[in-house]
Structures are given as C-alpha cells and as structure tokens.
Amino acid sequence: MDRILDWLLPTAFTGVNPGLAAAATGLTLSPSAPNPFTSSTSVRFALPKSGAVNLSVFDVAGRRVATLVDGAMEAGSHAIEWNGRDASGRAVASGVYLMRLESAGETVTRETVRMK
Numbered sequence: 352m353d354r355i356l357d358w359l360l361p362t363a364f365t366g367v368n369p370g371l372a373a374a375a376t377g378l379t380l381s382p383s384a385p386n387p388f389t390s391s392t393s394v395r396f397a398l399p400k401s402g403a404v405n406l407s408v409f410d411v412a413g414r415r416v417a418t419l420v421d422g423a424m425e426a427g428s429h430a431i432e433w434n435g436r437d438a439s440g441r442a443v444a445s446g447v448y449l450m451r452l453e454s455a456g457e458t459v460t461r462e463t464v465r466m467k
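Here it is in structure tokens:
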C-alpha cells in the first residue's frame, strides 16, 4: 500500500501538500467542487505551458477508474466535469477517489469524495 501511495502522492513524505506540490512551476489542481459530490464534480486546473496532459481518477487501491484528459492542451486555466462514472460508463461506488494531474514531468494529486 505504501508503494501505491508513494506513486499517487509522490510528495507525501516530503511534508509538502500534494495539491501544492508543483506550485513552483505553475501546475495547479484545485479542489474539486462540490466535494463531496453525488452526481458530478467540477475539476479545475492550470497549466503553465502548452503540452501533453493527463488527468485521471484513481480509487484508493491505485486502480485507474477514469481518464478525464489525455492529450495536448494549451497553457492556462481549464475545467472539466467528472460525472462519477468509470471508463465503462458505470457509476462508481461511494468513497474517496484521487484526481491525478500530470504535465511536463510534474504531478499534482487531490482527493475527492463520491457520495450516493
């Protein structure tokens, strides 16, 4: 389990808040809103420069549940909705999920809670 958390929260043992881990470079992942959510939640993020972006949702066991963004994006602020469904379109169970944003070699992770 520790290896999964190290991978999902790469700064967990440095004392740096995972949501702010890449703040020095400008890569940011804001808390999703609403959180907790029932039907959908808005995920806001900012990119310091254009390039490849991956924003995925993981369960606490480290399994990828859904991929929200996987491709090139322009620099700046962005928002995307997650409808609480997995990659197959099935509603996920109530629980804690991790949003992981990766771009330009940086990673930021935030928690969100799904309630039914």
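To get the numbering used here, take the position in the sequence shown, counting from 1, and add 351.
No residue lacks a Cβ here, since even glycine has one placed at the ideal position from N, Cα and C.
Bear in mind the structure is a predicted one, so any value in this text is a computation, not a measurement.
- Can you give the Cα-Cα distance for V408 and A430, rounded to whole angstroms? As the crow flies, the alpha-carbon of V408 is around 15 Å from that of A430.
- Just to confirm, are V459 and L452 a CB contact at a threshold of 7 Å? yes
- Item | Under 7 Å between C-beta atoms of L380 and R465 | no
- If you draw a straight line from the alpha carbon of A423 to that of K467, how long is it in whole angstroms? 33 Å
- Message: Taking 7 Å as the threshold (C-beta atoms), are L378 and E457 in contact?
- Response: yes
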